[in-house]
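Numbering (the numbering used here), first residue to last: 34 to 113.
For glycine and all other residues, C-beta sits at the position ideal for the given N, C-alpha and C.
Here's the structure, in structure tokens; my notes come after.
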Amino acid sequence: MIVALYGLHLLLFDIVTTVPYLKLASHAVFELINTLWWGILLGMLMVIRQTTASWKVALALPLISVPQIVLIAWLMNLGS
Numbered sequence: 034m035i036v037a038l039y040g041l042h043l044l045l046f047d048i049v050t051t052v053p054y055l056k057l058a059s060h061a062v063f064e065l066i067n068t069l070w071w072g073i074l075l076g077m078l079m080v081i082r083q084t085t086a087s088w089k090v091a092l093a094l095p096l097i098s099v100p101q102i103v104l105i106a107w108l109m110n111l112g113s
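Okay, here's the thing in structure tokens:
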């Protein structure tokens, strides 16, 4: 449900705005997910940078891990 609302807000915003409760729900999910992901990404960068002492590694690892996390979250959401 969360992935569906996020996708609706992202891709079909013009259609979503015609249904008030759908607009409210999709906007809330969109803002929440975007805020959470920025916090998680910044936290990952700082922890990896501190442990490896390398900005290159700190910037490369999220490029590998974040798509995997999104895929797993999407698959888990499909299952429920």
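Helix, strand or coil: how does DSSP classify residue 84 here?
-> helix
Neighbourhood of residue 61 by C-beta distance below 6 Å, restricted to the same chain and skipping five residues each side = none
Validate contact between the segment 56 to 72 and the segment 34 to 44 using beta carbons, cut 8 Å, 3 pairs | yes
Using the C-alpha atoms, what's the distance from residue 76 back to residue 99?
-> 13 Å
Alpha helix (DSSP H) segment containing residue 38, residue limits | 35 to 44
Whole angstroms is fine: what's the gap from residue 50's alpha carbon to residue 104's?
-> 28 Å
Presumed contact (8 Å Cβ cut-off) between residue 85 and residue 91, rounded CB distance = 6 Å
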